[in-house]
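Numbering (this note's numbering), first residue to last: 206 to 434.
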């Protein structure tokens, strides 16, 4: 039976993820062990190239499911030339990713973009293939959550306010596993406790451990039949 190992928001930090996966029994050569990233794989950290190599390996094996995060969109938009990336370089850690990915002599935005595309021709396609939601039984896996649109309908957004979703969205039969919002913040404001443990409240599970600062990664393991391990 397939097992899904779900993580989120590693932000260019690979070592803690590999250590946690090993601790939970992830088998590098077992085709039934599937990685599920809830997004925000790059930026801020200093192991972006290692993260790319790791994800690429399992992508080629068909053992990687990638949910789109806002930082994944930042990178894709930059590579597609939709913007110059300056804002995200200044404020969101994109610069670390570009420095690692680009040729050392690429000293302009255009040269940085072109060198990355040339060196990693598969990257744009990997980013393009990312999905907004993946379901395993009663579990719905998303990056940030849902927002209320102009039609008063809750829709998936990779930049959702988790607090609005948790406190305002009508409860249904699904359990939502998400990243994006740090668990310490969720635990503090919604549960009144000082903890960086996995956030669990109502039908919501938050797993963003703020890895870039804590050097910790939360991983949820679910079997194909929907059993939470």
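Virtual Cβ for every residue (Gly too), placed ideally from N, Cα, C.
Keep in mind the model is a prediction, meaning the values are calculated, not measured.
In the DSSP assignment, the residues bridged to residue 387 are 413. Contact annotation, residue 383 with residue 411: C-beta distance approximately 6 Å; criterion of less than 8 Å satisfied. A straight-line Cα-Cα distance of about 45 Å links residue 429 and residue 311.
Put simply, the segment 338 to 347 does not touch the segment 251 to 258. Fewer than three CB pairs are less than 8 Å apart.
Contact between the segment 255 to 263 and the segment 366 to 382 is absent: fewer than three C-beta pairs spanning the two stretches fall below 8 Å. In the DSSP assignment, residue 362 falls within the unbroken beta strand (DSSP E) covering 359 to 362.
In terms of CA proximity to residue 315, 283 leads the group 292, 334, 283. Out of 209, 300, 272, 222, the CA that lies nearest to the CA of residue 334 is found in 272. Rounded to whole angstroms, the separation of the alpha carbons of residue 349 and residue 318 is 27 Å.
A distance below 7 Å between beta-carbons, with the five flanking residues on each side excluded, links residue 332 to the following residues of its chain, in chain order: 277, 280, 281. Beta-carbon to beta-carbon, residue 352 and residue 229 are separated by about 32 Å, too far to satisfy the 8 Å threshold.
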